[in-house]
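**Q**
In the working numbering, the protein residues as written are 470 to 561.
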């Protein structure tokens, strides 16, 4: 396997882990049962919100996916993590 392809595959795997970790960290503060916020709102995504869930009445839970924001978040994470990984490997 070519060295650049190996770097891209390792960067892809690392970016998947970073993406899931950031999404998990973004949701943790919103699940605090002791918060004083009224209602129930969850927003997932950094820097763009790609999933939004909220109460739209007493018994009606509403949600929304923004697929373009999900794709943009994945792309930004992949470029950033793979770029950092490439420059770290290049310097060694």
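Backbone N, C-alpha and C define an ideal beta-carbon position, used for all residues, glycine too. None of the values given here were measured: they were computed from a predicted structure.
Report yes if the C-beta distance between residue 484 and residue 550 is below 7 Å; otherwise report no.
**A** Contact flag set, yes.
**Q** With DSSP collapsed to three states, give me the class of residue 519.
**A** Residue state, collapsed to three classes: coil.
**Q** Quick one: grab the DSSP three-state call for residue 501.
**A** Reduced to three states, the DSSP call for residue 501 is coil.
**Q** Compute the Euclidean distance between the alpha carbons of residue 495 and residue 487, then round it to the nearest angstrom.
**A** C-alpha separation (whole angstroms): 12 Å.
**Q** Who are the near neighbours of residue 512 in its chain, counting only those whose CB is closer than 6 Å to its CB and skipping five residues on each side?
**A** So the list reads 518, 521, once near-sequence residues are dropped.
**Q** Short check: CB of residue 510 to CB of residue 529, under 7 Å?
**A** No; because the gap between Cβ atoms is not below 7 Å, this pair is not in contact.
**Q** What residue range does the beta strand (DSSP E) around residue 510 cover?
**A** First-last of the beta strand (DSSP E) with residue 510: 510-513.
**Q** How would you label residue 552, buried or exposed, when you count the other beta carbons within 10 angstroms and need 16 or more for buried?
**A** Exposed, since its Cβ has fewer than 16 Cβ neighbours within 10 Å.
**Q** By the three-class DSSP mapping on this structure, what secondary structure does residue 531 have?
**A** DSSP places residue 531 in strand when its eight states are reduced to three.
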